[in-house]
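Below: one structure, written as structure tokens.
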Amino acid sequence: MAIALIVAPVAARPPAGYRAPVDGFAVVGGKVVTPRGVREAAVLVRGGRIAGVGRVPARCETVSAQGLLVLPGAIDAHVHLSLPVAGTRSADDFASGTRAAAAGGVTTVLDFTVGEPGVPLPDQIERRLAQAREAVVDFALRAEMVGWTPDRGDELAAAAELGVRSFKFFLAYAASGRRTPLGILRDAMVAIRKLGGVAMVHAEAEELVDPHGGPFPRARPPLAEEVAIAEVGILARDTGCPTYIAHVSTAQGLVALQAARWAGAPLVGETCPHYLLLDEAVYARPDGHRFSVTPPLRTAADRDALWRAVARRGLQAVSTDHCPFTNAQKDAWRDEPTQLPSGLPGVETLLPLLYSEGVAQGRITLRDVAWYLGEGPARAFGLWPRKGGIRVGADADLVLVDPHGSSTIEAGKLHMATDFSPYQGFPVRGRIVGVLSRGEWLVRDGELLAQLGWGEFIPWR
1 MAIALIVAPV
11 AARPPAGYRA
21 PVDGFAVVGG
31 KVVTPRGVRE
41 AAVLVRGGRI
51 AGVGRVPARC
61 ETVSAQGLLV
71 LPGAIDAHVH
81 LSLPVAGTRS
91 ADDFASGTRA
101 AAAGGVTTVL
111 DFTVGEPGVP
121 LPDQIERRLA
131 QAREAVVDFA
141 LRAEMVGWTP
151 DRGDELAAAA
161 ELGVRSFKFF
171 LAYAASGRRT
181 PLGILRDAMV
191 AIRKLGGVAM
201 VHAEAEELVD
211 PHGGPFPRAR
221 PPLAEEVAIA
231 EVGILARDTG
241 CPTYIAHVST
251 AQGLVALQAA
261 RWAGAPLVGE
271 TCPHYLLLDE
281 AVYARPDGHR
291 FSVTPPLRTA
301 ADRDALWRAV
311 ARRGLQAVST
321 DHCPFTNAQK
331 DAWRDEPTQL
341 PSGLPGVETL
351 LPLLYSEGVA
361 QGRITLRDVA
371 WYLGEGPARA
381 FGLWPRKGGI
391 RVGADADLVL
401 VDPHGSSTIE
411 AGKLHMATDF
421 SPYQGFPVRG
431 RIVGVLSRGE
441 WLVRDGELLA
451 QLGWGEFIPW
461 R
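Residues 1 to 461 (UniProt numbering) make up the sequence shown, in order.
Below is the structure:
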């Protein structure tokens, strides 16, 4: 469905009572989706921001969204671009990864510093900002806490001054030096709470993970996730530090998360499309090693439990943990599970799959999509009210979706820098026909127009 630009004609000589055209333009005729409802309304865009939601001002240029859904630009709250892993790097850099994001309706991504032991956090942030100069969509950063000790507390404040108030910790990966002991994690959470920030945790208990790799995925059992979430929940309750659990993958993890919340912990969690759409059966395939990801894919019962949690808004976000590798990168280590790069691509297929497999299949509502890809992650990571919503004053980040469109996922037709998609052959209902970032078209009539360097760093202030 084409997106029509209708410009009101201007007379050669203004007639009596003439009013000058309103700056900007209005997206009209579409159904505007928010977490609280769906209604037909015009969205006025002026100066890169949303200037009104409702009626169209007189003498305003209009973009017809008749028959389309108008959603907030999606936020992928968990991506890893150009990440060093197992002697290689994730295939997407900031240029290719954010271009793919734009094609998929993602207008903001949240990445991380690389986590360099001994390197001050401000230096890591500045280095990452330099790497992100060609970003196509807006982005925020979290600091990956590797080798942090309580005597470096001043670095947290310095990071906050640079606009980074979210800090990621690991309860696993001791062999690579990334694991943070619980006592140090508690000290960090106290400091983060004082800064008004958020602790993000990769929750797998090191003691329950097989250090030798073992048969995948049994090397990383559900119990490791359940125990780690319970431990982090206790620390969050004790310190009062807002805490975000990354990539919840099991029914047991969901139970631990909810129990911590009932006990008063300021704890929220995310899950990922691969845990909602795939299960451990893929590991029996000849190419099963290409699906390596941590936490691993789980059982069909876990998958169903996660959908139920998403349907009742028991989580804060659905994010991709986008960390793509090529087939060659994974094939090189197919017989060495401890060396196999772990991660899956997903930033480009996030919104299409959540709509197609969630809304179109009746598992969740459009309102839920607006929460999990918009307001939920925006509120969790200091982006609200600038990002994540269709409201006056917010950035004009919008996605126009034709609910009657359809396609099939083919890795070779996607924009991510990999020849592999875990969703190869998935039929997709709905088609992205337009994407606006701060009022500028990144996608129009299905054509990707995104320009390198358009993306801005969005600091948490």
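For glycine and all other residues, C-beta sits at the position ideal for the given N, C-alpha and C.
Check                                                                                                                             : Outcome
Among Thr243, Asp93 and Val33, nearest to Pro345 - alpha-carbon criterion                                                         : Asp93
Trp307: first and last residue of the uninterrupted beta strand (DSSP E) it sits in                                               : First-last for Trp307: Ala300 to Ala311, but that is the alpha helix (DSSP H), not the beta strand (DSSP E).
Validate contact between the stretch 44-61 and the stretch 114-128 using beta carbons, cut 8 Å, 3 pairs                           : no
Under the three-state DSSP convention, the category Arg322 falls into                                                             : Before going on, a small fix: residue 322 reads as His here, not Arg. Correct three-state label for His322: strand.
Member of Glu336, Ala100, Phe167 and Gly105 whose CA lies at the smallest distance from the CA of residue 466                     : Past the edges of the chain, shown from 1 to 461, lies residue 466, and the structure says nothing about it.
Local conformation of Lys330 per DSSP, three classes                                                                              : helix
For Pro266 and Ile229, the rounded distance between their alpha carbons                                                           : 12 Å
Whole-number beta carbon distance between Val293 and Gly240, since they are thought to touch under 8 Å                            : Contact doesn't hold; Cβ gap of about 32 Å is too wide.
Under the three-state DSSP convention, the category Leu71 falls into                                                              : strand
Own chain residues within Cβ distance below 6 Å of Ala103, not counting five before or after                                      : Glu348, His415 and Leu448
Residues of its chain near Leu129, where Cβ-Cβ distance is below 8 Å and the 5 sequence neighbours each way are ignored           : Leu141 and Phe457
Beta carbon of Val137 nearer than 9 Å to that of Thr107                                                                           : yes
Residue range of the beta strand (DSSP E) that includes Leu110                                                                    : Val106 to Phe112
With 16 other Cβ atoms within 10 Å as the buried cut-off, status of Pro295                                                        : buried
Cβ pair Leu383, Val369 closer than 9 Å                                                                                            : no
Counterpart residues of Arg127 in DSSP-defined beta bridges                                                                       : Beta-bridge pairing links Arg127 to no other residue.
Limits of the alpha helix (DSSP H) - the one that Ala158 falls within                                                             : Gly153 to Glu161
Euclidean distance between Cα positions of Ala191 and Gly153                                                                      : 7 Å
Contacts around Gln131, its chain only, beta-carbon distance under 7 Å, and the 5 residues preceding and following it disregarded : Ser82 and Phe94
Check whether Ile75 and Leu373 have beta carbons under 9 Å apart                                                                  : yes
For Arg312 and Pro38, believed in contact at Cβ under 8 Å, the rounded distance                                                   : What sits at residue 38 in the sequence shown is Val, not Pro. That pair is no contact at about 19 Å.
Alpha carbon of Tyr423 to alpha carbon of Ile409, nearest angstrom                                                                : 7 Å
Closest residue to Gly434 among His78, Gly73 and Val85 (Cα-Cα distance)                                                           : Gly73
Three-state secondary structure assigned by DSSP to residue 463                                                                   : This structure leaves residue 463 out entirely; the chain is present only between 1 and 461.
Terminal residues of the alpha helix (DSSP H) in which residue 468 lies                                                           : With the chain covering 1 to 461 only, the question about residue 468 has no answer from this structure.
Unbroken stretches of the alpha helix (DSSP H), 4 residues or longer, contained in the stretch 395-445                            : none
Sheet register partners of Leu44 (DSSP bridge)                                                                                    : Ala26 and Gly52
Rounded straight-line distance, which links the Cα of Arg186 to that of Val227                                                    : 16 Å
Residue environment, Trp262, which counts as buried when at least 16 other CB atoms sit within 10 Å                               : exposed
Same chain, Cβ closer than 6 Å to Ala450, neighbours up to 5 away in sequence not counted                                         : Arg99, Ala102, Val136 and Leu442
Distance between Arg220 and Pro35 (C-alpha atoms, nearest Å)                                                                      : 35 Å
When Tyr173, Phe139 and Thr365 are compared against Ala224, the one with the closest alpha-carbon                                 : Tyr173
Proximal residues to Thr88 (C-beta, below 8 Å), its chain only, five neighbours per side dropped                                  : Phe325, Gln329 and Pro341
Buried or exposed by the 16-neighbour rule on C-beta atoms within 10 Å, applied to Pro242                                         : buried
Member of Gly233, Ala160, Val43 and Phe170 whose CA lies at the smallest distance from the CA of Trp148                           : Phe170
Best match in Ser176, Gly269, Leu276 and Gly233 for proximity to Arg363 [C-alpha to C-alpha]                                      : Leu276
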